[in-house]
Structures are given as structure tokens and as C-alpha cells.
Amino acid sequence: MEFKLNTKFKPTGDQPHAIKQLVKNLTSGIRDQVLLGVTGSGKSITPETPVVVKLNGKTTCNPIGRFVDELFQKYPDKIRVIEDSEIIFTDSIKKEKYIETISLNPKNKQTEWKAVTQLVRHTSPKNLYEVKTTCGREITVTGDHNFWVLRKGKLTLMPTKEVEKTDFIPLPTDITTSEKDLSHIDTLEVLNKNMLFANANLFVSRVLMQRKLSEVIQAMGKYYAFPRHKVYQIMHGAYCGMPISTIDQISREFKIDTCLEDFNKIVVGSQIHNYSLPGKVPLTEEWLKLMGYYIAEGHGEPKSRFFTISAAEKYIQKDLRNTLKKLSLNYHRGKYRKCDFNITSKIHTEFLVSLLGSNSRSKKLPSFWPDLSQKQLAVLLQTYFNGDGGAFPKSGEVVAPTASKQLASDISYALLRFGIWARINKRWSHATNSLYHKGSYYYYITISGKENLEKFKKCIGFSLPRKQKNLITLYNTTKGSNVDIIPDVGPQIKKLRTSLKISQRVFSEMAGVVQGTLNSVELGINNPRKQTFEKIINCLVKVSGKSNEVNELKSLLNCHWLKIAEIKEVASQCPYVYDFAVKGNETFLAGFGGLFAHNTFTMANVINEVKKPTLIVACNKTLAAQLYQEFKEFFPNNGVHYFVSYYDYYQPEAYIPQTDTYIEKDAKINEEIDRLRHAAAQDVLSRKDAIVVASVSCIYNIGSPENYQSVSLEIKANQKITRKEFISHLIAMQYKRNDIDFKPATFRVRGEMVEIYLVTGEKIVRVEFSGDKIHNIFESPSGPNSKFIIHNSKFTLFPATFWVAPQNKINIAIENIKLELQERLKVLQKQKKLVEAQRLEQKTNYDLEMLKETGWCHGIENYSSQLEFRKPGSPPFSLVDYFKHANQNGFLMFIDESHISTSQIRAMSVQDRIRKETLINYGFRLPSAVDNRPLTFKEFQERQEQTIYVSATPADYEKEKSGKHIIEQLVRPTGLLEPSIEIKKTENQIKDLIAEIGKEVAKKHRVLVITLTKRLAEEISDYLVDHKIKTQYLHSEVKTMQRPEILNDFRRGKYDVLVGINLLREGLDLPEVSLVAILDADKEGFLRNKTTLIQTMGRAARHPNGRIILYADKTTMSMKSAIDEINRRRKIQQAYNKKHNITPQAIIKDIRDWGFSKKEDVESEFALVHDKKLLEKEMKIAAKNLDFERAVELRDLIQKLENKNS
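According to full-length UniProt numbering, the sequence shown is numbered sequentially starting from 1.
Listed below in C-alpha cells is the structure:
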């Protein structure tokens, strides 16, 4: 399933720019970026730049400025102004079904039609950049425009200012459009309606069929002095020339739809004419030929009543006469130039001039040429080349000169419909049809190279015998050429060949390439022709298979590559520049001849655009829970998961030599979080739309993804497997049979039916057997009221624990552990550590016995390196490895509040190693136990792929890592300002705090109080409660699943004050908070440094009246720096608000369930249980665990059951 963002919001403020920049950098392969935020001008081209677009099924090639301006005029109410840019989001134009353009997919280098999501018009900067290629194509762009360029064999996204002359730009190998013939031309779309008249007989007759005669006469009276006479003339069949604008107005008045068939005779002016055009001009072969000859050798003057086509060749004269005859157009030959055919028709002249241009410098193809079928386009182009082109065997090329720059561009675009790559050469020459021509610049459209000539001969060619004969001679004498080459790939070819350990001589023989050619390619002396490169790639595929590197090289065959010839800065001559936002690729075909021009909400938009599985790392469980909730809402149909440490209480195994004290591992696992962790891992392995929000727990060892996946069992209906074998599989996957207490990670058997409660807790799967095969598979959501529905496809059952391996691997691992044990015992005995040796032998043998019998033992993670066959010192498998294992094409990583999270990741592995080494030295663990650990920071870096560090205060590491790729997002779309700041003395700070809290509570606002220690947080909370202030504390010792509920209760008003330390710092969105009071703000240290203060102050920035009180006796450097930065951001927002007339508005954020934080109430849990003894047992267990609330609820349930029975 694809990622699909579900939100009613649109990116605003500087979000669009930030999203665009992040996505652009990701798609270009940038590895590290920083999104600097609390929460511009994109690439643009000049208005005359041609673009190929598809609007409501009609494909045209038009200047981008005209296309965008027309839609802006049509939908002025849809225009959104952001700084100096005007934008229309195409999904807001419901009348236009879709807008698409030709785009380059940077992954596979293929051309595809993609949706245009935004139409953009920017104020033009003073200077632009003119980019030209060696084959004559060119485009003028803004300095921040981006090009996909091939540099050193790799496709890279570069701003114009950084493009070099050694770079190559991609050009599509062909342009694909519909191959259905275009049936007609809409006359009214081509010509200006205001000057056209039509025979109104059909229209008026239609109106009279629906309206009374008196109504029609009355309506006509607005436009005619004698309307009755006019109507009666029409009724009796007399010609009635009526302005088309009048017909439009009458049809609107009577609410009658007109169609092109109503206009059977369209003329220019009101007089009777010899020639007219219908509303629909049928696009016959004769019309295509007429247009082709007109483009090649015609001209027309709108002010006169005729157009002229010159034809010197007798064959063309004959063909032209036949064409004009079939179109019923009379002509007369020129008095002094017998080769001139003059056709006197005002309407035809206006039609051709408007469609094709008036003279040699304004000629163009009709804008609808992309909508022509290949057959129709071939007729048009063949006629043009008959008149203006020729085949020249001596120079080895087909050439067609034209004085029109636009026509040269249109022809080169149109030839791509047939996969023909033409060059355009601009040079000075004299016109061949005039002795008096002084000379001018002409554009020579040139086709060369065996492959291009073959396509031209086959698809277009010449109908003129002399030229066709020359073309055949040219094709037969042309050998391979260097027209189409693949640049800068020699070093990569050499690297791949040498990695395969194949000599150059042997490889060249295998590929069918001359060794000298291969040598010159590998040394970078020559670039290979496409055919040579294809042979090399095919040989690499044959020898090594389809590796990523080979596939990347092979994709270069999907484009032509144009070398940059010139880049120069020019003064802008236009008030506006234009841009398309293109879905997915963000590239579109544009330019002269055609070139490819290219916080949570921001994070969600980036994920939606890039469409890669994503890991989001948060600095604490509370922030992770908030992010999980938000992403779950943004992507309701995708796999969004929560992955944090599953311990409510954790005491690691340890040994204190000084007191000879061994502390056994003691932990209370939160089963709900364990289920969520399994759900996350399973979706990462099985879905391509997984988003996991994790704490730094994601770097801890959770076992091999390969083992986890290989042990899983895939089942389907009619699969041959006995019930006994199936149960054995479940036990091997660590599912436990429990026919009474049915809960996650258990199964129960009822006759020929086995029900499995999945470890994720989300579903119950029922498998029905018939003999030795599975008869049916059913599934039901978990809960007391199961509703099973049949599952028709395959179903994968994953293991119930991460620490699992196939039995054959366990047996090998056991032998390896025994060997390690023997070696370690020798070392300990040699050191005279006999007690330690006995301890280790006894403990390890017991664990091995458990492993052999059940496939699991207590502390199994300490044997993980043996079970996973990892070398000593090698990194463990973490959630990050699950992402890498399942996603060969890469994944995204966001590190939220990166200034904290990165430091946490860096520190995790150090303390763990010290503790483990003590256990190993004193015989409690084997040396391999040290490899059950979190990833080191270096190992984490090696596993990082494309990473975005998200922080309002990025540390030096992130800045250095991201280099210039730091994207600022400082403007809040709501207009909210950074909070005001006040410094107060610490004397009587609690008394003053109570007074300040009273002011805020009276306004129904909330307050955060930030302390330095947990004990102080609890004491202040108790003190405020004693003063009848609804208060709750929140720190790291509060259970993970209780934290979200406390925050929700705080927002609902159950508490007015929340007292905390670190958990109330980064990232939390609490829009009701208007005051943040920071106690002991002048105590320099980690909790009161610049970064921490800025983050803490940010909690009040969600409220329009947000303010900060710093209780301090002096202003430290950290306080001063933080205050200065907050004030700087406040000024930026104030300037933005003033410029755009924005009044700050409070954030409205619903208080929602967190999706996992609520415990199932006792009554629902035991709804189907009527066994008093079982309930009493549960009540005693609850009391033993000090869960008195649960015990009381169970007692009440027992009483209800007794009353019911009595």
C-alpha cells in the first residue's frame, strides 16, 4: 500500500518551501539534512518557455506563462499568495479533471506522465541564467532552479549556479501520448470569437423549438433594430450572419447549451463570403498536408484576405493542387513568381495564421500536435520536410532549416514522439528563395546517427522521390556514430569488472566489444556509444546478476544525455517567472527543444512525497507517544507503530565484587508495549508503508530479522499440514498453549480447530483442519465479542518472541556455546578462579538444557551472538537492521529533537559494556554476552541512510553533518509569536508562583512548572495540592503507559498545573499552556543550558498569550543566549504577520485517545467469565502486585456474580 496523507490542512507559511527543499534533497540522494524550525521561491522558468501539458484529456505544447496565466484568470478566487508567489493548488480546481505533464523519474530515468499539483507564478528576480547544451537546446531559469545532471556517472540534483560545463542533462528517449486519431479542430478555440460571425439558422431553429416566438423576438431585440424581420428571415431559410458573441449571450439567457455543430458556417465579418469554416474542422489528411506545406513555405497576412504557399518542386506543386482541390479552395498563381499559390479566403487566412504563425520568423506547429496520433503527426512532418528539409549523404544527416526559433523547438519535441533525437544548430546564412536576402540567423534541425535515421526513414521519410532516394542512400552509407553516448561511466564499469575478477581481455570477448574500445572507456578517454554500453551492461548482468549498481548503470540507457555548453547570467526581461509542482518526481519537460527542469506536518508531507518506509527517533517515550498519535491520524490507512522500551521496571543483571553481591535481572515487562513492538517489527518486514515512531530503544538488540522472518509460518487454505505439525510449529515459535486464559502469544485447541491469539494483540486467527490439510482460515479483531470472517489469501504467523531461531540453528548454536564454555573454563581455571568456573559451568549448562528442550531460556539475549552466528565484537541486530533488511531501496530516518536524541544514542553503549565485563570476569556470563548490547554510535552511523535531523536548536554535530543542507522553518502559519519572557528573583519564588498560577487558572489556562530534581517535583506538587491547586507531577519514574493519560487529563482540565523536569521539555504540544515557570533558572548545567531553556520556553509558544517566568538571581550566559534567540524568532514572526496581515490565532488541537494507553476495564475483560474461583484467583494476584484498584473492581464483579446466582 502507498503512503496516503489524510489531512484537511495545506502547508502554509514557510512549510511549502521546507517540504519542497527536504524532498528535493532526498530524491537527489542527499544523506543528511537539518530541519531547523519552531515549526521562498522555488525553481522557475520564463513565461515563453514551452511545456507539454495534458488538461482534461487534451494534450498541448504551449508557453508555460500563457498556460498558467489563463488558469489564473479563470480561477482568481483559487489563487493563494505566499510572500512573492501566487499559487493555485490544482486539486482546488474541480472543473479541471486533471493536469499532467511529462516528467523524469530520477530513480529509473524513465519518462512518465505525472500530475501537476501546483501552478506557481513568482515575481521575477533581476537576473536569470541561460543554460545551453551542445545539441542546441536551451532554457532560461532562475538561479535557484534545479537540474538533474549526470556527474561522474551519477544523477545528481544541482542548482543552476553549481551546474558545470562537464555535466550532462537528461532528455527523454521518446514522448508517449494517445495513439487515437484527433478527429477535428475546434474553430472557436483557434480564432477570436469577437470577430467571428456564424450562420444562425440552426441555432435559432433550436431555440424556437424550446421557446415561444415572442420570447425569441424579445431577446433578439437587444441586438437588432428589427428583430421580428430577422427572425422571419431565418424561419424562411435566408442566410443570417450573427456574431458568435451574440449567440453565446442568447444561449445563456435561455439556458440552452450550444455545440460546435450549431455553427455550420463561420466567417470573419458580417458580409456573405465565398469561404467559411464549420465549428468542427475535420482533421483529414488534406488539412494536415495543407498545414505542413504552410509551415514549410507559406505565409499569410491577417489584414489581407489571402495566404500564399510557395512550391518550386513540380511534385509538390501537383500534390498541393490536389490538396487544395479536395478542400474546395481555389487558388491563383503568382504573376511574377509562378511557384506561388495564392488562396483568397479571409477565414482560412485567419485560421492558419492563428494556428501556425504568419511568416518565417513566427512559424510554429499547431499547439495540439501532441494530441495527434503518430500516423497524423507523420503526415504533417513529412509534408513539412518535403518542403523545407532534405537528406544529405555527404554530410551524413537530414536537415531542415527554419528562421523560427519556436518552430525549431516544436519540431525537435515532435520528433521525440518517434524516438528521434534531433540537434538544433543556430548559424548565419542566406535565404535560398531570394537573391536579395542580406542574410540572417537560421535554426538547422539536424537528424544523424544510424538509429535516428532508421526511425526517420521508417516513420516519417519523404514522399518527394528525389529526397526519399537521398534518404535511402544516406541510411545505407551511415555506420555507427557518436551521436548518442553514455557519459562518465568508465570508472564504474572498471570497478564492477575488477570486482568480478575478470580480465579486460576476457570481459571484452564476453561482451562482444573490442578490447581497445573497452580500455578507452574505462580510462575515460572515450564515452561509449549506447549500443556499446548496452553490450557491456548485458554482460555484467549475465556474470553478476542484477545488483543495485548494475541496475543504476542500466537505467542510464533510458535517456539521451546532453552536455552543457554554456551557462551565463542574463538580465530578466519579464515581470514573472513560472513553475509547476509535479507529484512525485518534481521534474517536467520544458524549454527550447525540451530539457528536464526540475514539523510533524512537514515530516508527514515529506514521507507522503518520498514514499519510503520511515523510522522516527524521539528522545523520550512521552514525545514518541505524541508523535505516534499524530502520525496515526495523518496516515490512518498505513502501518504506523510505536516502539519503545517495554520495561515498566528494569534492574539489569549485575555483580558488585566489593561486597560479593550478585543482582539478578529483575524486570516488569509491559505486555501492551511488547505487543506494539512486535506489531512494529512485523509491519517493517512485511509492508512498504511502515512508519515507526521509536525512542532510542531502537538501537538495542532485538535479535536477527532474518531469523524472525525465517521462523515465521505462512499458511493458506488447502495447504497440506496436519494439526499436530501445525501445533509443533506454533510451539517452536514460542506460542504457548492455554485453553483457559486465552491472551496474546497463546493458542487453544478445540477439536479440529486451532485459535491463535497473535502476539501483537490485534487479531485472533482461527485455523480449521480437515484431515491432513487446512480447510479454512478465519480472523477476528481481538476482544470479548469475536466476529470471525473468512481470510481468503495467505496469512503469515510471526514468532511470539524476538529471540527465536530455527531448531537446526539452535542445535548448532548450542554446540558453539559448549565450545565457548570449554575455552572460557580453561581460562578461569588457569587463573585459579575455580569458584567462577564452577558458577559459569553450572549456569550455562542449565541454560543449554532449556534451549535444547524449549528453544528458549531466561536471559536468552546473552547468547544472541551465538544464535545469530555473529562474529565476536560484531554489532547486534536492532530495529534499524529490520528496516535495512526489509528495504533494499532504502528508508528514511527522522531524528526528532536531534540535539538530545543524538547525544543519547552516542552514550548508550558505554555503560552497558562496563557492567557486562564485570559479569564475565566473575563467571556469571560467557564472553560473548558482551555482544548483547546497543549499537555504538559509529555502528548507528553506518546503518543510517537518508536522515533528517529535526530540532529548533540543532547541535554542532547535526550542523556539521548536514553541511549547507539546513532548511529553516521559523514562520508559524497561525501567526503565533514566541512567548514574552520575565525574570524574577528566587526569594519567595513558590509564593510568587502560586499567585501567578492563580491568575492563569482564573482564565482557564494551564501552567507548567519546571524543577531540577524528581524529589523537588513531587514535593512542589504536594505543596500546590495542599493549597487546593489541581496539580500532578510527571517524570521518568511515572509508568510509560500512564504518561499520555496524565497529559490528556492535564489538557482536559483535571489538573491545572503539571510539574516536571525533562519530560516537559522537547516537542510536547500543549496548546492550553499559557505560562511556563522555570525554577532555579540560573543554575548553569545541562538542565539550564541555552538549548534546554529554548526548548522549555517553546512549550508556551502554542498559546497567543504565552509567557515565561525565569526565577533567577542573576542572568547567566545561557539565559541571555536563549532570550536573544527567542526574541530573534519573535521578530521574524512579527514581520511575517505584519506583511501578510495575520492576527495570531490559538492552535486548536483535539484531545484524542492515544490508541494504546487505555487499559481494558475489568468488566470487559471478564465479560464471558462466570467462574467465581477464577475471578478470586485474579483478585488475589492483583492484590499481590499492589494493583488495588483492579482488585477492588474484581471484588465488585464477584459480588455481582453472587447476586445474580442467588
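Ideal Cβ placement from N, Cα and C applies to all residues, glycine included.
| message | Please tell me whether Q946 has its Cβ less than 9 Å away from any Cβ of chain C. | response | Looking for chain C here will not work: only one protein chain is present.
To the nearest angstrom, report how far apart S928 and A1191 are at their CA atoms. 44 Å
Review point. Starting from E982 and walking both ways along the beta strand (DSSP E), at which residues does that stretch end?
Key: 980-984
Sorted by chain position, which residues of the same chain lie with C-beta nearer than 6 Å to A408's C-beta, five sequence neighbours on each side aside?
-> T402, I424, Y443, I445
* Asked: Bridge partners of C559, per DSSP?
  -> P172
Quiz prompt | alpha helix (DSSP H) runs contained entirely in the stretch 477-516, provided each spans 4 or more residues | solution = 490-499, 504-511
| query | Thinking just about the alpha-carbon of each residue, which of S903, G357, I895, L919 is nearest to the one in E945? | reply | I895
**Message:** If the criterion is Cβ atoms closer than 9 Å, does the pair H899 and E958 meet it?
**Reply:** yes
Suppose contacts are defined by Cβ-Cβ distances below 9 Å. Is P744 in contact with V767 by that definition?
no
Next on the checklist: Please state the DSSP three-state secondary structure of V1038.
Outcome noted: coil
Since K58 is in the beta strand (DSSP E), which residue starts that stretch and which ends it? 58-63
Confirm, please, whether the CB-CB distance from A296 to F351 is below 9 Å. no
Requested in this report: State the DSSP-derived secondary structure class of R748, mapped to helix, strand or coil.
Outcome: strand
Open item on the list: Measuring straight from C-alpha to C-alpha, what distance separates K501 and V543?
Closed with: 11 Å
(request) Identify whether A813 lies in helix, strand or coil by the three-state DSSP scheme. (result) helix
Helix, strand or coil: which one does DSSP assign to Y781?
Note that residue 781 is Pro in the sequence shown here, rather than Tyr. In this structure, P781 counts as strand in the three-state DSSP scheme.
Exposure of Q210, with buried meaning 16 or more beta-carbon neighbours within 10 Å:
exposed
**Extent of the continuous alpha helix (DSSP H) to which residue 1208 belongs** = Residue 1208 falls outside the range modelled here, since the chain spans only 1 to 1206, and no answer is possible.
Next item on the list: Starting from the C-beta of T1143, find all residues in its chain whose C-beta is less than 8 Å away, skip the five residues before and the five after it, and write them out in chain order.
Entry: G975, N1137
**Item:** Burial state of Q831 (16 or more Cβ within 10 Å)
**Value:** exposed
Q. Would you call P781 buried or exposed, if buried means 16 or more other Cβ atoms sit within 10 Å of its Cβ?
A. exposed
* Three or more C-beta pairs closer than 8 Å, one from the stretch 299-310 and one from the stretch 197-215: is that the case here? -> no
Alpha helix (DSSP H) segment containing G1060, residue limits:
Counting along the chain, G1060 falls outside any alpha helix (DSSP H), though it belongs to the beta strand (DSSP E) covering 1057-1060.
Give the DSSP bridge partners of W113, in chain order. I102
Q.
Once the 5 residues before and after P170 are set aside, which same chain residues still bring their CB inside 8 Å of it?
A. L104, K109, W148, L150, L155, C559, H560, W561, L562, F596
- With a Cβ-Cβ cutoff of 9 Å, do L1110 and K991 count as a contact? no
With DSSP collapsed to three states, give me the class of G40.
Its pLDDT being 27, under 50, G40 is placed unreliably in this model, and the value from its coordinates should be taken loosely. Coil, per DSSP.
Three or more C-beta pairs closer than 8 Å, one from the stretch 910-925 and one from the stretch 712-731: is that the case here?
no
Review point. Taking the Cβ atom as the reference point for each residue, do F747 and I777 lie within a distance shorter than 9 Å?
Key: no
ask   = By the 10 Å Cβ neighbour count, where 16 or more other Cβ atoms means buried, how is D388 classified, buried or exposed?
value = buried
Point to revise | Run of the alpha helix (DSSP H) containing S354, from where it starts to where it stops | key: 346-356
Next on the checklist: Looking at the secondary structure, which residues open and close the beta strand (DSSP E) in which S1118 lies?
Outcome noted: No beta strand (DSSP E) contains S1118, which is instead part of the alpha helix (DSSP H) from 1117-1139.
Identity of the residues DSSP links to K132 by a beta bridge
E138, E566
- Query: Do you know whose CA, among V754, A717, D340, lies nearest K724's CA?
  - Reply: V754
Identify the residues that DSSP records as bridge partners of F341: which are they? I309, R333
Whole-angstrom distance between P799 and Q734, CA atom to CA atom | 6 Å
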